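Enquirer:
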Amino acid sequence: MIIRIATLNDLEKISAVERECFPVNEAATREIFENRLKFYANHFWLLFDGDNLVSFVDGLVTDEPDLTDEMYERAEMHNENGKWQMIFGVNTIPAYRKKGLAGKLIQQAITDSKIQNRKGLVLTCKDSLVSYYSKFGFINEGKTLKSSHGGVEWNQMRLTF
1120 MIIRIATLND
1130 LEKISAVERE
1140 CFPVNEAATR
1150 EIFENRLKFY
1160 ANHFWLLFDG
1170 DNLVSFVDGL
1180 VTDEPDLTDE
1190 MYERAEMHNE
1200 NGKWQMIFGV
1210 NTIPAYRKKG
1220 LAGKLIQQAI
1230 TDSKIQNRKG
1240 LVLTCKDSLV
1250 SYYSKFGFIN
1260 EGKTLKSSHG
1270 GVEWNQMRLT
1280 F
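Going left to right, the sequence shown walks through residues 1120 to 1280 as my numbering numbers them.
#1: Looking at the unbroken beta strand (DSSP E) that takes in phenylalanine 1163, where does it start and where does it end?
#2: Within the chosen definition, does the segment 1154–1173 reach the segment 1125–1134 through at least 3 CB pairs nearer than 8 Å?
#3: To the nearest angstrom, report how far apart phenylalanine 1175 and phenylalanine 1163 are at their CA atoms.
#4: Let's see if you can read the secondary structure: which residues bound the alpha helix (DSSP H) around serine 1247?
#5: Ends of the alpha helix (DSSP H) at threonine 1126?
#6: Please report the residue range of the beta strand (DSSP E) in which isoleucine 1212 lies.
#7: Can you confirm whether the segment 1176–1191 touches the segment 1241–1251 when touching is taken to mean that 3 or more C-beta pairs between the two stretches lie within less than 8 Å?
#8: On the DSSP bridge assignment, give the partners of valine 1180 in chain order.
#9: If you check the beta carbons only, do aspartate 1168 and methionine 1120 fall under 7 Å apart?
#10: Hey, could you find the ends of the alpha helix (DSSP H) arginine 1155 is sitting in?
#11: Alpha carbon to alpha carbon, how far is lysine 1233 from glycine 1239? Give it in angstroms, no decimals.
#12: Which value, in whole angstroms, describes the spacing of the CA atoms of methionine 1074 and valine 1143?
#13: Can you round the beta-carbon distance between leucine 1165 and isoleucine 1229 to whole angstroms, since I take them to be within the 8 Å contact cut?
#14: Give the DSSP-derived three-state secondary structure of arginine 1193 in the structure shown.
#15: DSSP three-state call for glycine 1222: helix, strand or coil?
#16: Nearest CA to the CA of asparagine 1161: which residue from Lys1262, Asp1231 and Lys1218?
Here it is in C-alpha cells:
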C-alpha cells in the first residue's frame, strides 16, 4: 500500500470512493471534486492497494478557524498559506475498513500540516466518531452552528499544535 497526494487524473477514482462511503445528501459530486483538485490537489492524501484507491482524506487550507458549509462548495477559498488545515472527508471503502488505513492518512495529514507550519487541523464529525478522532488528539468543541452539511448535525473537532 502506498500513500501519495492527488492529481486531477485521480478524479474518477476519488469520486467513486466518495459515492461508496457517504449518503447522497452528504457526498461531494464529481464536479465538486474536480474543482477541489484544481485548487488543492496537494491536500488530498490517497491510499492505494495496487492500482485501487481504497481510502482518502481531503480538505482545504484557510485562515478561518471554523469549518463552514461554504468551504465544501467553494474550493477557491483555499489559501495555501492559511493557518488551518480543514478535513472535509475521511473515506475508506467498506471492504478495507477497520484496518487502520484511515488512521494512517489522518496521521499523514497531521504530519504534513506540522511540516507546513499550520496552527492545526479542524474537522466535523457525527457523534459516533468523536472518540475515534480523539485518539489522534482532536478535541471536541461541541455542535457547530456553522455547518449543517447534508442536513446533519456535526461536532467540530480541532487539533492544535
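Cβ coordinates follow ideal geometry from the N, Cα and C atoms, glycine included.
Predicted, not measured: the structure shown is a model, and the values here were computed from it.
Expert: By the coordinates alone:
#1: 1163–1168
#2: yes
#3: 7 Å
#4: No alpha helix (DSSP H) holds serine 1247; DSSP gives it neither H nor E.
#5: Careful: threonine 1126 lies outside any alpha helix (DSSP H) and carries neither H nor E.
#6: Careful: isoleucine 1212 lies outside any beta strand (DSSP E) and carries neither H nor E.
#7: yes
#8: Gln1204
#9: yes
#10: 1149–1159
#11: 7 Å
#12: Because residue 1074 is not part of the residues shown, which for the chain are 1120 to 1280, the question remains open.
#13: That pair is no contact at about 16 Å.
#14: coil
#15: helix
#16: Asp1231
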